[in-house]
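A.B. asks: Next up is a structure, given as structure tokens.
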Amino acid sequence: MYRLETVLFSNGERFPLLVNEKTGIPDFYSTLWVTVELRNQSAVNTIRNKLGTIQWIMNWEKRNNLVISNLIHNKVLLTESQLESLIRHMRINVKKQKNVINTKKSVLMKGGSQFIDIYSSVSLSHQYNRLTTLSEYILFLSKVINVSNEYIEKLTKLIKLIKESRPKNHKPLSIESELPDGVLDEFMSIANFSNPNNPFQDIGIRKRNHLMFILLKELGIRRGELLSIQIPFIDIGTVKSSITIRRTHDDKFDTRKKQAVSKTKERRLPISQKIAQLIDDYIMNYRSKIPQANTHPYLFVTHRKGKTQGCPISTSSFDNVIVPAMKKVDPKFSIIHPHIFRHEWNLDFSRKVDENNQNVNHDSSHKDFISPEKEAKMRQHLMGHTSEKSGNVYNQRYIREKANKILLDLQIEFQKKVDNYESE
Numbered sequence: 001m002y003r004l005e006t007v008l009f010s011n012g013e014r015f016p017l018l019v020n021e022k023t024g025i026p027d028f029y030s031t032l033w034v035t036v037e038l039r040n041q042s043a044v045n046t047i048r049n050k051l052g053t054i055q056w057i058m059n060w061e062k063r064n065n066l067v068i069s070n071l072i073h074n075k076v077l078l079t080e081s082q083l084e085s086l087i088r089h090m091r092i093n094v095k096k097q098k099n100v101i102n103t104k105k106s107v108l109m110k111g112g113s114q115f116i117d118i119y120s121s122v123s124l125s126h127q128y129n130r131l132t133t134l135s136e137y138i139l140f141l142s143k144v145i146n147v148s149n150e151y152i153e154k155l156t157k158l159i160k161l162i163k164e165s166r167p168k169n170h171k172p173l174s175i176e177s178e179l180p181d182g183v184l185d186e187f188m189s190i191a192n193f194s195n196p197n198n199p200f201q202d203i204g205i206r207k208r209n210h211l212m213f214i215l216l217k218e219l220g221i222r223r224g225e226l227l228s229i230q231i232p233f234i235d236i237g238t239v240k241s242s243i244t245i246r247r248t249h250d251d252k253f254d255t256r257k258k259q260a261v262s263k264t265k266e267r268r269l270p271i272s273q274k275i276a277q278l279i280d281d282y283i284m285n286y287r288s289k290i291p292q293a294n295t296h297p298y299l300f301v302t303h304r305k306g307k308t309q310g311c312p313i314s315t316s317s318f319d320n321v322i323v324p325a326m327k328k329v330d331p332k333f334s335i336i337h338p339h340i341f342r343h344e345w346n347l348d349f350s351r352k353v354d355e356n357n358q359n360v361n362h363d364s365s366h367k368d369f370i371s372p373e374k375e376a377k378m379r380q381h382l383m384g385h386t387s388e389k390s391g392n393v394y395n396q397r398y399i400r401e402k403a404n405k406i407l408l409d410l411q412i413e414f415q416k417k418v419d420n421y422e423s424e
């Protein structure tokens, strides 16, 4: 079988590929696909996801004792039953399937009841992406393997069948997890480096983690943007302190194979003097004392002794060590995840805009009034979106909050009318 690896080149480029576990040799066609088509038009994580799908296809090939590229070489098409089997395979949940033996379900068919295998399935969006990758990969193979036009025509029909098998309603609902009021404030209180219930013992780690959660909450930045902040991007030597969020893709100073990066537009965000002081304290009194930390410009580094000490902190460490440790402090923290800070920031931003407009009596002619159009542009800038519409998903909770309040007000108003009528 093949394992998914990411090669880090000297120029900073990350190159994902599938490597044979026995020989250590990269798979020929998937590597060619990455080199020719994906490398210059897709993000590293996107390529990794596509190769993960190819791994799953290889799993099916091994179980069925065939290789799709060999079939194309020999101008042979998948049979109808093989195609159905492959499409069904693309819907299976890999992780759950490793630990769960498939069950059988009795279904009524012509000629009596029959037992069929039931497997755990991935989400509809995951199924859609897998089947899309499958169709793209077969199309690529048809381009690089010398076959007749007649065969390509038949293969095109097969690709069409694969695309038609993708789930139609694959986009997930945009309703995000909602935190009960006060839970995030309690979380931030525990995250404070001075809190005795903070789960981390080392004061330097406490200071680092506290600062990371502060930046997530107060700036609404993504986790990747947080972990890609570099010291030269920080301006704390002036009255107007700020942090610039920049794209650092393929940075040769970043030793992480799975690089944490900014997804969208670069932007300069103002920070309070309090945050500036926390940053200065962390850099001067803690980060500066970590071995190897001075070999790169990234703000947040690994403190624990070992081969990664002083290296930029990894996404895996943040997701699988820091956040889970915080969650264990209190069961109510279990629904907190890095991206929820971004949603909560947007909710606070909407409330602040509403409060601002109330202070000017909703007078649209007032210089401080924030119109919906202006609010959208402000949100776009602060979030780093390329489109004003990108912020709509983050504003859904506030819209629901306002709509629910109006609905309750209408019910109360109606009940008052009923009560008045009954009392007459």
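Position 232 of the sequence shown, counted from 1, bears residue number 232 in this note's numbering, the numbering being contiguous throughout.
Glycine residues also receive a C-beta, built at the ideal position from the N, C-alpha and C atoms.
Nearest to Glu218 by CA position, among His126, Glu136 and His339, is which residue?
C.D. replies: Locating residue 218 in the sequence shown gives position 218, where the first residue counts as 1. Out of His126, Glu136 and His339, His339 has the C-alpha closest to the C-alpha of Glu218.
A.B. asks: State the DSSP-derived secondary structure class of Asp354, mapped to helix, strand or coil.
C.D. replies: Translated into positions along the sequence shown, residue 354 becomes position 354. Reduced to three states, the DSSP call for Asp354 is helix.
A.B. asks: Is DSSP giving Ile245 helix, strand or coil here?
C.D. replies: Here the question's residue 245 lines up with position 245 in the sequence shown. Three-state DSSP puts Ile245 in a strand.
A.B. asks: With C-beta atoms as the reference, is Ser121 less than 9 Å away from Arg91?
C.D. replies: To locate residue 121, count along the sequence shown from 1; it is residue 121. To locate residue 91, count along the sequence shown from 1; it is residue 91. Contact: yes.
A.B. asks: Of all the options Phe318, Ser371, Thr6 and Phe140, which has the alpha carbon lying nearest to the alpha carbon of Leu216?
C.D. replies: Taking the sequence shown and counting its residues from 1, the one referred to as residue 216 is at position 216. Ranking the options by Cα distance to Leu216, first place goes to Phe318.
A.B. asks: Can you list, in chain order, the residues of its chain whose CB lies under 7 Å from that of Lys327, leaving out five sequence neighbours each side?
C.D. replies: For this step, residue 327 is matched to residue 327 along the sequence shown. Within the same chain, Lys327 has close Cβ partners Phe333, Ser334 and Ile336.
A.B. asks: Would you identify the three-state DSSP class for Arg223, choosing helix, strand or coil?
C.D. replies: The sequence position of residue 223 within the sequence shown is 223, counting from 1. DSSP places Arg223 in helix when its eight states are reduced to three.
A.B. asks: Let me confirm a value: Ile101 is counted as buried when at least 16 other C-beta atoms fall within 10 Å, else exposed. Which label applies?
C.D. replies: The count along the sequence shown starts at 1 and reaches residue 101 at position 101. Because Ile101 sits at a pLDDT of 46, beneath the cut-off of 50, its placement in the model cannot be relied upon, and the following sentence gives the value as read from the coordinates. Per the 10 Å Cβ criterion, exposed.
A.B. asks: Using the three-state DSSP reduction, which class does Lys270 fall into: helix, strand or coil?
C.D. replies: Against the sequence shown, residue 270 aligns to sequence position 270. For the sequence presented, residue 270 should be read as Pro rather than Lys. It is a strand residue.
A.B. asks: Helix, strand or coil for Gln230 per DSSP?
C.D. replies: By 1-based counting over the sequence shown, the position of residue 230 is 230. Residue state, collapsed to three classes: strand.
A.B. asks: So what's Asp117 in DSSP terms, helix, strand or just coil?
C.D. replies: Locating residue 117 in the sequence shown gives position 117, where the first residue counts as 1. Since pLDDT at Asp117 reaches only 48, below the 50 mark, its modelled position is unreliable, and the value read off the structure follows with that caveat. Reduced to three states, the DSSP call for Asp117 is strand.
A.B. asks: Checking the sheet assignment: what are the DSSP bridge partners for Asn20?
C.D. replies: Here residue 20 refers to the residue found at position 20 of the sequence shown. According to DSSP, which records beta bridges pairwise, Asn20 is partnered with Tyr2.
A.B. asks: For Arg130, report the span of its alpha helix (DSSP H) as first-last.
C.D. replies: Here the question's residue 130 lines up with position 130 in the sequence shown. Note, Arg130: alpha helix (DSSP H), Leu124 to Val144.
A.B. asks: Residue range of the alpha helix (DSSP H) that Met378 falls in?
C.D. replies: Looking up residue 378 in the sequence shown gives position 378. Counting along the chain, the alpha helix (DSSP H) containing Met378 begins and ends at Pro372 to Met383.
A.B. asks: Could you tell me whether the Cβ atoms of Phe140 and Trp33 are closer together than 9 Å?
C.D. replies: Numbered from 1 along the sequence shown, position 140 holds the residue referred to as residue 140. Numbered from 1 along the sequence shown, position 33 holds the residue referred to as residue 33. In contact: Phe140 and Trp33 (Cβ atoms closer than 9 Å).
A.B. asks: Measuring alpha carbon to alpha carbon, tell me which of Lys405, Leu131 and Ile152 ends up nearest Glu164.
C.D. replies: Position 164 of the sequence shown, counted from the start, is the residue given in the question as residue 164. Closest option to Glu164, judged by alpha-carbon separation, among Lys405, Leu131 and Ile152: Leu131.
A.B. asks: Taking a contact to mean a Cβ-Cβ separation below 9 Å, would you say Pro16 touches Val36 in this structure?
C.D. replies: On the sequence shown, residue 16 is found 16 positions in, with the first residue counted as 1. On the sequence shown, residue 36 is found 36 positions in, with the first residue counted as 1. No, they are not a contact pair.
A.B. asks: Check the DSSP bridge columns for Pro26 and list the partner residues they point to.
C.D. replies: Position 26 of the sequence shown, counted from the first residue, corresponds to residue 26. Answer by DSSP bridge pairing, in chain order: Val19.
A.B. asks: Please report the distance separating the alpha-carbon of Leu278 from that of Asp363.
C.D. replies: Translated into the one-based positions of the sequence shown, residue 278 becomes position 278. Translated into the one-based positions of the sequence shown, residue 363 becomes position 363. The straight-line gap from Cα to Cα measures roughly 39 Å.
A.B. asks: Tell me which residues share the same chain as Ala191 and place their Cβ nearer than 6 Å to its Cβ, disregarding the 5 neighbours each side in the sequence.
C.D. replies: Counting from 1 along the sequence shown, the entry for residue 191 is found at position 191. Answer for Ala191: His210 and Phe213, listed in chain order.
A.B. asks: Near Arg256, what residues of its chain come up, given a Cβ to Cβ distance below 7 Å and the 5 sequence neighbours on each side ignored?
C.D. replies: Locating residue 256 in the sequence shown gives position 256, where the first residue counts as 1. Excluding sequence neighbours, Arg256 sits near Pro312 and Ser314.
A.B. asks: Look at Leu71 and Leu77 and say whether their C-beta atoms are less than 9 Å apart.
C.D. replies: The sequence position of residue 71 within the sequence shown is 71, counting from 1. The sequence position of residue 77 within the sequence shown is 77, counting from 1. Yes, they are a contact pair.
A.B. asks: Flag this pair as yes or no: are the beta carbons of Gly427 and Ile290 separated by less than 9 Å?
C.D. replies: Given that the chain is displayed from residue 1 to residue 424, the structure contains no residue 427 and the question cannot be resolved.
A.B. asks: Pair every Cβ in the segment 342-355 with every Cβ in the segment 377-394, then say whether three or more of these pairs are closer than 8 Å.
C.D. replies: yes
A.B. asks: Is DSSP giving Tyr286 helix, strand or coil here?
C.D. replies: As a working mapping, residue 286 is identified with position 286 in the sequence shown. In the structure shown, Tyr286 sits in coil (DSSP, three-state: anything other than H, G, I, E or B).
A.B. asks: Hey, is the segment 44-56 in contact with the segment 9-29, meaning 3+ C-beta pairs nearer than 8 Å?
C.D. replies: yes
A.B. asks: Whose C-beta lies closer than 6 Å to the C-beta of Gly24 among residues of the same chain, with five residues either side of it excluded?
C.D. replies: The count along the sequence shown starts at 1 and reaches residue 24 at position 24. Around Gly24: no qualifying Cβ.
A.B. asks: Output needed for Pro270: all residues of its chain with C-beta closer than 8 Å, excluding positions within five of it in sequence on either side, in chain order.
C.D. replies: Residue 270 sits at position 270 when you count from the first residue of the sequence shown. Excluding residues within five positions, the ones whose Cβ falls inside 8 Å are Lys240, Ser241 and Ser242.
A.B. asks: Quick check: Arg222 and Arg342, are their CB atoms within less than 9 Å of each other?
C.D. replies: To locate residue 222, count along the sequence shown from 1; it is residue 222. To locate residue 342, count along the sequence shown from 1; it is residue 342. Going by C-beta atoms, Arg222 is nearer than 9 Å to Arg342.
A.B. asks: State the Cα-Cα distance for the pair Gln259 and Leu155, rounded to the nearest angstrom.
C.D. replies: In the sequence shown, residue 259 corresponds to position 259, counting from 1. In the sequence shown, residue 155 corresponds to position 155, counting from 1. Going from the Cα of Gln259 to the Cα of Leu155 covers about 37 Å.
A.B. asks: Using only the alpha-carbon positions, how far apart do Glu136 and Asn346 sit?
C.D. replies: Looking up residue 136 in the sequence shown gives position 136. Looking up residue 346 in the sequence shown gives position 346. Each residue's Cα considered, the two are about 37 Å apart.
A.B. asks: Closest to Asp254 by CA distance: which of Ile275, Ser272, Pro297 and Gln201 is it?
C.D. replies: Within the sequence shown, residue 254 is the residue found at index 254, counting from 1. That would be Pro297, whose Cα lies nearest to the Cα of Asp254.
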